[in-house]
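For the sequence shown, the numbering used here assigns the number 24 to the initial residue and increments by one for each residue that follows.
Note that CB positions come from ideal geometry on N, CA and C, so glycine has one too.
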Amino acid sequence: MANPAQVQYNGMILLHSYLQRMYVYENTKLILNFNGQPDVLTEVKGFMEEVNLMVTMFEDTKMMATTQYKRLLVITTRIEALLKDYFIDNEYDFSYQVALVASALYGERAMNSHVIRLGKIFDVEVSADFERRIKFYEERTKAINAVVHILKNGEELPQKMIETIRLWFDGVDKQRETVIKDADKIKPMLSYGIQ
């Protein structure tokens, strides 16, 4: 049987990575003037702060209080609802594509870092791929930050960068089912071993 604390922690860090994804998505849309929702950004930021605190406490105790568990379920339900509007069918606006790519990169970067931390906290071996991905995500997030900065300033992107973003967007868009299905794993992970 799997270690319940480790499974619950995995649920918490997966939730945090989705919060990171949604925060960057809304923030980038606001920066690029593409239907950004400031109220959602504020809400998600608050959730991130709550979950960060709970993760830190959990790392020390390997236990989750009933009130924390219930709150995490509420936050997860809200993220599931927000994900329904995350992928937009037939939307070809470049600002949307940039927002989706940025959010995916930051969400995946957060999860990668969390998995490495999970290995240290629970003294389990984590694939060396996670360590190798650190530099990959650093480079990609730097690149997407530069793109957002250039677009925010009304400057023109080099054609090669536009092509790269579109290529990355296609990759993210092809993963939409996986992104939704992975979010559906959060509640069962949080609930693992809870009576």
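For residue i, collect the residues of the same chain with a Cβ closer than 7 Å to its Cβ; drop the 5 residues on either side in sequence, then sort them by chain order.
i	result
residue 88	none
residue 163	128
residue 116	57
residue 96	210, 213
residue 40	130, 133, 134, 137
Among the residues of its own chain, which have a CB less than 8 Å from the CB of residue i, if the five just before and after it don't count?
i	result
residue 215	25, 27, 30, 31, 34
residue 207	103
residue 124	167, 188, 191, 192, 195
Tell me where the alpha helix (DSSP H) around residue i begins and ends.
i	result
residue 179	Per DSSP, residue 179 belongs to no alpha helix (DSSP H) and is neither H nor E.
residue 54	27–54
residue 210	209–214
residue 70	61–84
residue 206	199–206
State buried or exposed for residue i, treating a residue as buried only when at least 16 other CB atoms are found within 10 Å of its CB.
i	result
residue 56	exposed
residue 169	exposed
residue 176	exposed
With a threshold of 6 Å on Cβ separation, who are the neighbours of residue i within its own chain once the five nearest residues in sequence on each side are excluded?
i	result
residue 78	35
Length at least 4, wholly inside the stretch 96–178: the alpha helix (DSSP H) runs in chain order:
With a minimum length of 4 residues, the continuous alpha helix (DSSP H) runs that stay inside the stretch 96–178 are 117–144, 151–175.
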